[in-house]
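Reading through the structure tokens given below for one structure.
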Amino acid sequence: MVFDISEDELPIFQAETEDHLTTLEDGLVRLEQDDRDPELLQALFRAAHTIKGTAGMIGHKRLVEITHVLENAFDAVRKSELPISTNLIDLCLDTVDILRSLRDEVITNENSACDVPQMIESFKTFLESTMDDSREQKVKLDSGSKNTLPPKPMEKEEITKHPEAVKVENKAIIAEPELDTGKELHIEVDISSTSVASAARAFQILIVLQSAGEIIELVPSQQTIESAAPVGHLSARIIPCRSENDIKTDILNIPEIDRLVFKNEVISLGISTGKDGNLEASAQPGFEVSRLGEFLLSKNLITAEELQTVLEKQKTYPPDSAPLLGQLLVSMGLLTQSVVDKAIEETMNQKRTAILAGGDSSKGGDHLVDRTVRTSVERLDALMNLVGELITDRNRLIKIHSAFERDFRGNENTNILSEAVVHIGRITDQLQEEVMHIRMLPVANVFKKFPRMVRDMAQKVGKEIDLVIRGQETELDRSVIEEINDPLIHLIRNSVDHGIETPDKRVEAGKEKRGTIILSARHDQGRIVITVEDDGGGINVNRIKAASVRKGVITQAEADSMSDEKAIDLIFESGLSTAEKVTDISGRGVGMDIVRSNIERLNGSIVVDSVPGKGSQFQIILPLTLAIVPTLLVKVQDSIFAIPLVTVVETQKLVNQEFQTVNGKSVVVLREKIIPLIKLAEVFDLNEENQKTHYSYVVVVRTSKQEVGIVVEHLVGEEEVVVKSFGHVIGDIQGISSAAILGDGQIALIVDVQGLIKLSANH
2 MVFDISEDEL PIFQAETEDH LTTLEDGLVR LEQDDRDPEL LQALFRAAHT
52 IKGTAGMIGH KRLVEITHVL ENAFDAVRKS ELPISTNLID LCLDTVDILR
102 SLRDEVITNE NSACDVPQMI ESFKTFLEST MDDSREQKVK LDSGSKNTLP
152 PKPMEKEEIT KHPEAVKVEN KAIIAEPELD TGKELHIEVD ISSTSVASAA
202 RAFQILIVLQ SAGEIIELVP SQQTIESAAP VGHLSARIIP CRSENDIKTD
252 ILNIPEIDRL VFKNEVISLG ISTGKDGNLE ASAQPGFEVS RLGEFLLSKN
302 LITAEELQTV LEKQKTYPPD SAPLLGQLLV SMGLLTQSVV DKAIEETMNQ
352 KRTAILAGGD SSKGGDHLVD RTVRTSVERL DALMNLVGEL ITDRNRLIKI
402 HSAFERDFRG NENTNILSEA VVHIGRITDQ LQEEVMHIRM LPVANVFKKF
452 PRMVRDMAQK VGKEIDLVIR GQETELDRSV IEEINDPLIH LIRNSVDHGI
502 ETPDKRVEAG KEKRGTIILS ARHDQGRIVI TVEDDGGGIN VNRIKAASVR
552 KGVITQAEAD SMSDEKAIDL IFESGLSTAE KVTDISGRGV GMDIVRSNIE
602 RLNGSIVVDS VPGKGSQFQI ILPLTLAIVP TLLVKVQDSI FAIPLVTVVE
652 TQKLVNQEFQ TVNGKSVVVL REKIIPLIKL AEVFDLNEEN QKTHYSYVVV
702 VRTSKQEVGI VVEHLVGEEE VVVKSFGHVI GDIQGISSAA ILGDGQIALI
752 VDVQGLIKLS ANH
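Converting from the sequence shown to the working numbering requires adding 1 to each position, the first position being numbered 1.
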């Protein structure tokens, strides 16, 4: 298979097509619930139209044909010629699946097994049998093999000779009453000279213009744009049928636009880089120094006194050669270049929001918009590793400084070293924060697939379910996001199959016929909490106990005396299932044990709460990142261990006589609660005979199952450590997940709490 696309354009094609496919998938599920939202219909039409146009440019005929049929369906719905139905949404979603497979042909350069002609025929048959026969003209149902791309705009001379022939093609919405649809609108766009996909950008602009109204004049011509020739500048005159602000917003949302002339307004969007590669946005006209200063003050990045000092210094230079505010902040050591760049981008983002809202256009002049740069995960990982090394050296420098302070207090060089240590510490913290922010992704990247999944599964099991998503803008390290996908699939699958009742049973129980699953995410004290809850029948504790006895997990006597809370935890046992029959969704007894093991591998935990007849809640608690971990350092003999803070509940100093033995196991009673104990010295065969104190420290940690106390000799303190894997030479060590190099050069072993509990049980 040969497509007209370069290696540089391929990742852009992949990413942007995926965005449009996600828009289609998510929008179709929403359309089923709100079938007359004109903005939603327009978004669906535009996404399909863009995919079709891009496919035409690279020569993917099958992708053009199938997308054309989808376009026709959206157009028929928009014209009220086709009613929204479950069958229509099913067919459209199946088509989106085919679009994704055809898109992958470009990436893999391999044919997919999609039967495009069969799908087109199915669509055609459905539309013909469903659409209103009384309408004057049927929607065209051709496959798009002829005239699949938008028609060429009429020449000015044709319009003059035949004004009655002027029609608005691809209308987004009915012309607004306040619009003067006969008034011409002049638009000019500059595409970034560094763009490797300028032809695609020009085509995206063309699509916006076609949906905006009648194109009277277009330079370069539509034929040139459709030939995929590089385009640097595009100008057009149109008769608009949509609001001017909407048209401007659509153009501004296209990547790699440097400049937009809209009517008499000039909007500069480009961010140039200097010889050193740093942003020079603040040098451009229209970027007000006061905006940057106000932003830095609002974020407490500098003080008012520091800002005043910098501004006073700036005044000492000649006006035509004065350094920029950001340059002075960096040269004076008040901020790092990365922090200044980020502040500039954030400030420009605020201005961009004002432009799109129409609140800043009256000022005229150049406007600046922040830009997005795609980068590879490998580069981000390498950058994070370097930051990790820097943190290790920072911690080491702090230790050295403390020793100097102790031995040479009052020495002038010691004071200079102290200032340098403080400055390096601040820069390192800022750098770490910036890199962490770059690595963060919104959980929407995972959540976005679940509306479609819940809809499809609910149909299979004959249930009516609404999925409510909250907090999808919550950010999490990309390495953690990649790992939570499977656990969430299992939890939501179980809520659909086992949690939510059938409509008849819900009505009998006095509930609404439609069940609800809520998927939410939030930050909580340096952790992220993801919750899956439903308003179903709850977990049947008696069935859990009976299934556990049958499987030999517990005895009947243990089941009779077991609390409901402990019985609920049995759902995480391998192979345990209470399903009366196996379905293609669940019921085989696999899944929940995988959920817990995957989450605990991330140093996280899962907590279950269920009320019979009311529903269940699964709460996943995770660290924000796996690369740099806040820990509690403890000491046993000469060995230092690091316990992840995300698992720590509390610490207690206890005399050894307070330890008790129950059934041969060491325990301690804290606030009338029995806490099992694990002595690190025993588990790792460290010599306990050398312990000189009559007391010990107990670090209480929480896992998905229980709370346990880890007995240590000393608490060293809290410290962020950079995680280092053991590699293939050492391999896995039960009870230890990885290692870290501390500031003084010592090695700390990072405790795997769940593995430690298992090791202790077998010790």
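We put the beta carbon where it would ideally sit given N, CA and C, even for glycine.
All figures in this text were calculated on a predicted structure; none of them were measured in a lab.
Endpoints, the alpha helix (DSSP H) within which residue i is located
{"i": "Gln620", "result": "From DSSP, Gln620 is part of no alpha helix (DSSP H) but of the beta strand (DSSP E) over 616–624."}
{"i": "Met454", "result": "451–461"}
{"i": "Gln770", "result": "Absent from the structure is residue 770, since the part of the chain shown begins at 2 and ends at 764."}
{"i": "Thr393", "result": "378–408"}
{"i": "His424", "result": "413–440"}
{"i": "Ile482", "result": "479–495"}
{"i": "Lys759", "result": "754–763"}
{"i": "Lys654", "result": "Segment 649–656 is the beta strand (DSSP E) holding Lys654; no alpha helix (DSSP H) there."}
{"i": "Lys506", "result": "504–509"}
{"i": "Glu465", "result": "First-last for Glu465: undefined, no H or E at that position."}
{"i": "Cys93", "result": "87–109"}
{"i": "Leu71", "result": "62–79"}
{"i": "Phe14", "result": "10–34"}
Counterpart residues of residue i in DSSP-defined beta bridges
{"i": "Glu218", "result": "Arg238"}
{"i": "Ser640", "result": "Val637"}
{"i": "Ser611", "result": "Ser617"}
{"i": "Ile679", "result": "Ile711"}
{"i": "Ser667", "result": "Thr662"}
{"i": "Lys725", "result": "Ala740"}
{"i": "Ile630", "result": "Ile is not the amino acid found at residue 630; the sequence shown has Val there. DSSP lists Val722 as partners of Val630."}
{"i": "Leu520", "result": "Ile470, Val533"}
{"i": "Pro39", "result": "In the DSSP output, where bridge partners are listed per residue, Pro39 has none listed."}
{"i": "Glu476", "result": "Pro443"}
{"i": "Asp525", "result": "Arg528"}
{"i": "Ser606", "result": "Ile622"}
{"i": "Ala198", "result": "Answer by DSSP bridge pairing: none, since Ala198 is not bridged."}
{"i": "Leu716", "result": "Val635"}
{"i": "Ile748", "result": "Ile742"}
Backbone CA spacing between residue i and residue j [nearest angstrom]
{"i": "Glu227", "j": "Gln211", "result": "13 Å"}
{"i": "Ser193", "j": "Asp525", "result": "41 Å"}
{"i": "Leu180", "j": "Leu219", "result": "In this predicted model, Leu180 has a pLDDT of only 47, less than 50, meaning its place in the structure is not dependable enough to derive any value."}
{"i": "Ala198", "j": "Glu534", "result": "44 Å"}
{"i": "Thr24", "j": "Gln224", "result": "28 Å"}
{"i": "Glu165", "j": "Val209", "result": "Confidence at Glu165 is low in this model, with a pLDDT of 37, below 50, so its placement is unreliable and the value that follows should be read with caution. C-alpha separation (whole angstroms): 24 Å."}
{"i": "Asp505", "j": "Gly539", "result": "17 Å"}
{"i": "Asp20", "j": "Arg453", "result": "15 Å"}
{"i": "Val712", "j": "Asn110", "result": "58 Å"}
{"i": "Ala114", "j": "Lys300", "result": "54 Å"}
{"i": "Ile802", "j": "Ser480", "result": "The question about residue 802 has no answer, for the chain in this structure spans 2 to 764."}
{"i": "Thr556", "j": "Lys449", "result": "43 Å"}
{"i": "Val422", "j": "Lys343", "result": "24 Å"}
{"i": "Leu757", "j": "Ser86", "result": "54 Å"}
{"i": "Val542", "j": "Ser496", "result": "16 Å"}
{"i": "Asn688", "j": "Ile676", "result": "24 Å"}
{"i": "Val717", "j": "Ile518", "result": "44 Å"}
{"i": "Thr161", "j": "Pro221", "result": "For Thr161, the pLDDT reaches just 37, beneath the cut-off of 50, and the residue's location in the model is therefore unreliable, although a value from the coordinates is still provided. Near 21 Å, if we compare the C-alpha coordinates of Pro221 and Thr161."}
{"i": "Glu129", "j": "Phe75", "result": "14 Å"}
Proximity below 8 Å, CB of residue i to CB of residue j
{"i": "Asn329", "j": "Lys316", "result": "The sequence shown places Leu at residue 329, rather than the Asn named in the question. Contact: no."}
{"i": "His695", "j": "Asn657", "result": "yes"}
{"i": "Leu71", "j": "Ala49", "result": "yes"}
{"i": "His491", "j": "Ile595", "result": "yes"}
{"i": "Leu468", "j": "Phe451", "result": "yes"}
{"i": "Leu743", "j": "Asn396", "result": "yes"}
{"i": "Leu681", "j": "Phe727", "result": "no"}
{"i": "Ala547", "j": "Gly614", "result": "no"}
{"i": "Gly605", "j": "Leu623", "result": "yes"}
{"i": "Val724", "j": "Ile748", "result": "no"}
{"i": "Ala237", "j": "Ile216", "result": "yes"}
{"i": "Val702", "j": "Val650", "result": "yes"}
{"i": "Leu766", "j": "Ile206", "result": "With the chain running from 2 to 764 in the structure shown, residue 766 is simply not present."}
{"i": "Ile470", "j": "Leu432", "result": "no"}
{"i": "Met441", "j": "Arg494", "result": "no"}
Where the beta strand (DSSP E) containing residue i begins and where it ends
{"i": "Gln661", "result": "661–663"}
{"i": "Pro231", "result": "Note, Pro231: premise wrong, no beta strand (DSSP E); not H, not E."}
{"i": "Arg703", "result": "696–703"}
Contact test: residue i Cβ vs the ligand PLP heavy atom, cutoff 7 Å
{"i": "Glu673", "result": "What this structure holds is no ligand at all, so the ligand PLP is not there to describe."}
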